[in-house]
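For the sequence shown, numbering that gives the first Met the number 0 assigns the number 209 to the last residue and increments by one with no breaks. Just so it is clear, CB atoms sit at the ideal spot from N, CA and C, and this is done for glycine as well.
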Amino acid sequence: MKEKVQKPFYKQVWFWALIVVIIIGGALRNQDEKEGETAAVDPSPTEQVTKAPEPTATEAPATEAPATEAPVSAPADWQTVVKEIAANGDTSKTEKADAVAIIAKNYQLTQTEAFEFAHFMIDELAKDTYLADPENDEYMLSSIFRAAAVEHLIDDAEQLPLDAFAFDFMQNVKYVYRGVETPESESVQANEKQMQKSAIEIQKALDSLQ
């Protein structure tokens, strides 16, 4: 009787579920702590404010400074925005991918979304489906959004391997979607190997906690 081949640990559900709980939960806590520290700071003025002199009859009043451009804000319903970008026939794939990445980096992830996004990436890689349909704009752009949001959330915090995992995932999806690479190209395959290495590093971190 033929023995059943055991799946690599990075394709097992229990392994990735534990990763999501430990790593993303920690990243969210770190983010909350940083925000709390920033709010606690009470800066004191170092210079005395002097009132500007009133313009005389012979002086021209000071011109107002031009308004600065408002920062990019991320919408609450990111899926609707991604659909709109995907359906826009007047923009290239490169422009669409760049727009989605910018929105993702300004998006405030909830804990539930962070878990869902990480699980999505891990599951799609394990099933080998994340690059299967590069012409599906909405799917590919949604994948870019999820990866960019998770990568920005962790942002090299304590050099966690999930940050590298999300970055490599995003790079593969972005370049295959734009037509720069194919799923079989050397760079894409190299990134997938890096993702597997990240999984091994995560496993080592988990082992050290036992």
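Query                                                                                                                             : Result
Straight-line gap, residue 137 to residue 85 (C-alpha atoms, nearest Å)                                                           : 5 Å
Classification of residue 189 by the beta-carbon crowding that lies within 10 angstroms, buried from 16 upward                    : exposed
Cα-Cα separation between residue 92 and residue 176, rounded to whole angstroms                                                   : 7 Å
Separation of residue 123 from residue 99, as counted between CA atoms                                                            : 19 Å
Nonlocal neighbours in the same chain, by C-beta distance under 6 Å from residue 48, ignoring five residues either side           : Legend: pLDDT at residue 48 = 44, less than 50; position of this residue unreliable, value from coordinates given subsequently. None.
Option nearest residue 112 by Cα separation, candidates 199, 182, 164 and 78                                                      : 78
Supposed close pair residue 162, residue 193 - CB separation, criterion 8 Å                                                       : Not confirmed; about 12 Å, so no contact.
Residues of its chain near residue 183, where Cβ-Cβ distance is below 8 Å and the 5 sequence neighbours each way are ignored      : none
Alpha carbon of residue 200 to alpha carbon of residue 105, nearest angstrom                                                      : 28 Å
DSSP three-state assignment for residue 70, whether helix, strand or coil                                                         : Confidence at residue 70 is low in this model, with a pLDDT of 43, below 50, so the placement of that residue is unreliable and no value is reported for it.
Chain-order list of residues whose beta-carbon lies under 7 Å from that of residue 207 (same chain, five-residue window excluded) : none
Check whether residue 292 and residue 148 have beta carbons under 7 Å apart                                                       : The question about residue 292 has no answer, for the chain in this structure spans 0 to 209.
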